[in-house]
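Number of protein chains: 2
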Amino acid sequence: MDTHVRPTHPVPLTHAAQLDRLAEISVRVGLNLAHGQELVITAPLDAAPLVRRITEHAYRAGATLVTTFYSDDESKLARFRFAPDDAFDVAAGWLADGTAQAFRGNAARLAITGENPSLLGGQDPDKVARANRANSRVNRPSLELITNFAINWNIVAYATPAWARTVFPNESEAVAVEKLWAAIFAASRTDGDDPVAAWAAHNATLATRGRSLNERNFSALHFRGPGTDLVVGLADGHLWAGGAEAAMNGIVCNPNIPTEEVFTTPHRARVDGFVRSTKPLSYQGTLIEDIMVRFEDGRIVEAHASRGENVLTRVLGTDEGASRLGEVALVPHSSPISQSGVLFQNTLFDENAASHLAVGQAYTKCLSNTEGQDAATLAARGANSSLIHIDWMIGSNEIDVDGITQSGDHQPVMRRGEWA
Amino acid sequence: MDTHVRPTHPVPLTHAAQLDRLAEISVRVGLNLAHGQELVITAPLDAAPLVRRITEHAYRAGATLVTTFYSDDESKLARFRFAPDDAFDVAAGWLADGTAQAFRGNAARLAITGENPSLLGGQDPDKVARANRANSRVNRPSLELITNFAINWNIVAYATPAWARTVFPNESEAVAVEKLWAAIFAASRTDGDDPVAAWAAHNATLATRGRSLNERNFSALHFRGPGTDLVVGLADGHLWAGGAEAAMNGIVCNPNIPTEEVFTTPHRARVDGFVRSTKPLSYQGTLIEDIMVRFEDGRIVEAHASRGENVLTRVLGTDEGASRLGEVALVPHSSPISQSGVLFQNTLFDENAASHLAVGQAYTKCLSNTEGQDAATLAARGANSSLIHIDWMIGSNEIDVDGITQSGDHQPVMRRGEWA
Ligand SMILES: [Zn+2]
Ligand SMILES: [Zn+2]
Ligand SMILES: [Zn+2]
Ligand SMILES: [Zn+2]
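Those protein sequences? They're chains A and G, same order as listed.
Heads up: the first sequence is residues 3 to 422, going by my numbering.
Heads up: the second sequence is residues 3 to 422, going by my numbering.
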């Protein structure tokens, strides 16, 4: 008998064991943290139990220092309730500068998501927009280090009570939290015999898919379905990415846990037609539903929503790049997250249930041969630039996608939401 | 009947009401926060309920942004247990730089104390010392802004379970926490009819005491008692401070809640004799008991302790200024904190139970006419300079203090621990 053999039918894992596995996946797969790296974590206060498991795994992996910034919904809300009006143009630039300095010094970055999706729903949208704009402005340098993939980074989720209540409004809090955890653990692949090996296999599948799209080197994608007829031009020398990737510091990591998408950089000036969102977008506390937009020459020239239209309009007006695309991603409708039927109201999960677009900042890593190219050159190749990057879902089992080759031929890519 | 009249015999306050008063005292008296200021808070995770009350009071007072850095004992301990050896010379310089930038931008600073006094007691003292040194080094710029009183700042306490268990080891955790809260609320003067007015009266008493010492302008103080015969020279042009003071940003605040001391800057080169500590010193997790040190020409030339001597020796060796005095403070033995009989194992409280000395950095605010004077001039006047500032208690009801006038006369200042 070999003590290293794992049982074929393991006993169901306890919550504590699953949480520890999520922490291990985050550190070993998500971040692939290297000996000697610092780690900077952001997390809701409720997520302290996961932060502690991650902190231990990080130090075991050789981290020199783990610094966690906790956020607290109640304190955040107090500002909108009680602060003077001039407060909302203020942001902690000093903290953003410090964080960017950490990343430039090769600190890894981990975000634990679990915020209440509707926290700021009842607050003055003007204050919310001003606060977001002030934050985006000061965080631009560190956001660029993330979007340019200078360092290894990861996002994982924690089932906070406020989030769970929003996702399962008809359940008691305890049941809602339990259901949300079950969905998070399943989507994050914590429950198999060997979660690290399961992630390696999943990464291999996504890599194969990306390679096939790179070989075909489409000029554009054509999305068709109810309310949607959209041609999305792809950037010159675009690259498809998905699953594990090498950051510029040489570390191969999995930025999103879970992830099901392959994605690339669209051409900021070559998007035309109209498109309808297939899932609500939860944007910093506001739910935006039934987005319908029309593009001309890459720019959104018309935007509507059945709910949250004013927030949508503000977001698109953040800057010149906020009304152009920075990402296009393909996710089959059969993805486990889509099949769970849960609307998480959290981009990390919902974007992995459906093909999607993002307005705003593009990922330079999704372009070939960028070294030494300046901003103007990248823009001419099609890479968009903005303070924001916001994903919204346009995929479903009613959407067909064609690839348009450089010579103008159409090739089926997806049919009724599945790979063709 | 006037609805503004407060009842003469108020009903005992609930815990929530006392906590809210502590928050109000911290914001209105401790910080005296001004409209338009940012506020930076550090706090143990357990203190979230007080952070939330303080955050609300801060925004009501006109704060633009409250940023809280939570610390977690368990995560801190994980580093000493699991991190590689080379981790302990690393500190978050990027965060220290950011914080200093916030203070230079006139952010106010609030520290909530409540850490477990013996958290690191069982850890490798070498690692603890290296980690402290690395932290002190990067935090020097922001520490200097605090010690030079560039901005309004405040420390208050929160009765965490770990701290309460250390202070009341023979009680259940619930009883220990309740007892510690009672002691904190009493010392912080939360329970009278009008706590803000009570603080104004207390500040007036301390100001009178300081003025009297300033008028007498002693050359030195002479401490005598069991194990103690020490002459502490005072810096040229020293000023006594205590209670409310004006920060250099013009805001009059109360840095310590509670406070009972009047204090000034000793002369770094004119301290001679020997002295024994009268209370244990809890230094970043280690308890140092029965300190006995001998001074020659201002420098500690011999140091012993019945417990924690190795940590004491390391601390005194941090840098050149770490073995010289930066503060001398007088506190009557009848101070409410001393009378409570509780050994808090926390400097904020224990230093207000007894007269004390601090090794390390001096307070420039305790010197007259410093404007335009460089470091060499300040040092020649007697102001000490160091990465550290650590208070340890030398007062008791067995200690007499004389003031030595500039002409060499002795005048009684304290007898058996009380003002003479
Ligand atoms: Zn995406
Ligand atoms: Zn995206
Ligand atoms: Zn003192
Ligand atoms: Zn002191």
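Beta carbons: idealized from backbone N, C-alpha and C, even for Gly.
Out of G/Glu373, G/Arg278, G/Ser284, point me to the one whose CA is closest to glutamate 400 of chain G's CA. Each of G/Glu373, G/Arg278, G/Ser284 was checked against the Cα of glutamate 400 of chain G, and the nearest Cα belongs to G/Arg278.
The region 125–137 of chain A / the region 157–175 of chain A touching (three or more Cβ pairs under 8 Å): no
Chain A within 7 Å of tryptophan 165 of chain G, Cβ atoms only: no
Listed by chain order, which residues have C-beta atoms less than 6 Å from any heavy atom of ligand 2? A/Glu329, A/Ala360, A/His391, A/Asp393
According to DSSP, is histidine 6 of chain G part of a helix, a strand, or is it coil? Only weak support exists for where histidine 6 of chain G lies, its pLDDT of 45 falling under 50; the value from the coordinates is given anyway. Three-state result, histidine 6 of chain G: coil.
What number of angstroms, rounded off, separates the C-alpha of histidine 11 of chain A from the C-alpha of aspartate 193 of chain A? Its pLDDT being 48, under 50, histidine 11 of chain A is placed unreliably by the model, and nothing is read from it.
Beta-carbon proximity check, valine 295 of chain A vs alanine 305 of chain A, cutoff 7 Å: Judged by beta-carbon spacing, alanine 305 of chain A lies within the 7 Å limit of valine 295 of chain A, meaning their Cβ atoms are closer than that value.
Within the chosen definition, does the region 232–244 of chain A reach the region 260–275 of chain A through at least 3 CB pairs nearer than 8 Å? yes
Is any heavy atom of ligand 1 found at a distance shorter than 6 Å from the C-beta of phenylalanine 351 of chain A? no
Proximal residues of chain A, C-beta to C-beta of threonine 57 of chain G below 7 Å: Ser77, Ala80
Between alanine 377 of chain A and chain G, is there a C-beta pair that is closer than 7 Å? no
Could you tell me the distance, in whole angstroms, from the CA atom of threonine 44 of chain G to the CA atom of alanine 209 of chain A? 44 Å
Express the C-alpha separation of alanine 364 of chain G and arginine 383 of chain G in angstroms, rounding to a whole number. Each residue's alpha carbon lies about 12 Å from the other.
Evaluate methionine 1 of chain A with the Cβ neighbour count: other Cβ atoms within 10 Å of its Cβ, from every protein chain shown; 16 or more gives buried, anything less gives exposed. Lying outside 3 to 422, the shown extent of chain A, residue 1 of chain A is not represented and no answer is given.
Assign asparagine 154 of chain G to one of two classes, buried (16 or more other C-beta atoms within 10 Å of its C-beta) or exposed (fewer than that). buried
Any C-beta of chain G sitting closer than 7 Å to the C-beta of tryptophan 96 of chain A? Chain G, which has a Cβ nearer than 7 Å to the Cβ of tryptophan 96 of chain A, makes this yes.
Can glutamate 173 of chain G be considered in contact with ligand 3, in the sense that its beta carbon sits closer than 6 Å to one or more heavy atoms? Result no, Cβ not under 6 Å from ligand 3.
The region 29–51 of chain A: which residues have C-beta closer than 9 Å to a C-beta of chain C, in chain order? Looking at the structure shown, chain C is missing, and the protein chains on hand are A and G.
DSSP state of tryptophan 421 of chain G, grouped into three classes? strand
Does the structure place the region 131–138 of chain G close enough to the region 351–359 of chain G that three or more beta carbon pairs sit under 8 Å? no
Glycine 235 of chain G lies in the beta strand (DSSP E); which residues open and close that run? 230–236
Inter-residue Cα distance where the pair is arginine 8 of chain G and alanine 185 of chain A: Reliability of the predicted coordinates at arginine 8 of chain G is poor, the pLDDT of 47 falling under 50, and the value obtained from them is presented with this limitation in mind. Distance between the alpha carbons of arginine 8 of chain G and alanine 185 of chain A is about 54 Å.
In its own chain, which residues sit with a C-beta less than 7 Å from the C-beta of alanine 60 of chain G, not counting the 5 before and 5 after it? So the list reads Val29, Leu35, Leu41, Val68, once near-sequence residues are dropped.
Just to confirm before moving on: does the CB-CB distance between valine 169 of chain A and glycine 95 of chain A stay below 7 Å? no
Looking at methionine 395 of chain A and histidine 335 of chain A, is the spacing between their C-beta atoms short of 7 Å? Contact: no.
Can you name the residues of chain A whose CB is closer than 7 Å to the CB of arginine 132 of chain G? Ordered by position in chain A, no residue passes the 7 Å Cβ test against arginine 132 of chain G, which lies about 12 Å from the chain.
So the beta strand (DSSP E) histidine 306 of chain A belongs to, where does it begin and stop? Counting along the chain, the beta strand (DSSP E) containing histidine 306 of chain A begins and ends at 301–306.
Closer than 6 Å: phenylalanine 225 of chain G CB and nearest ligand 3 heavy atom: no
Whether leucine 241 of chain G touches serine 370 of chain G by CB criterion (7 Å): yes
Any beta carbon of chain G sitting closer than 7 Å to that of threonine 69 of chain A? So yes, threonine 69 of chain A belongs to the interface.
Using the C-alpha atoms, what's the distance from serine 221 of chain G back to threonine 70 of chain A? Roughly 48 Å separates the two Cα atoms.
Taking only beta-carbon positions, decide if valine 92 of chain G is within less than 7 Å of chain A. Judged by the 7 Å Cβ criterion, valine 92 of chain G is in contact with chain A.
Answer with yes or no whether the minimum CB distance from threonine 5 of chain G to chain A is below 7 Å. Caution applies to threonine 5 of chain G, whose pLDDT of 44 falls short of 50 and renders its modelled position unreliable; the model cannot decide the point.
Check for me: the beta strand (DSSP E) holding phenylalanine 297 of chain A runs from which residue to which? Per DSSP, the continuous beta strand (DSSP E) segment holding phenylalanine 297 of chain A begins and ends at 294–298.
State buried or exposed for proline 414 of chain G, treating a residue as buried only when at least 16 other CB atoms are found within 10 Å of its CB. exposed
Would DSSP call proline 257 of chain A helix, strand or coil? coil
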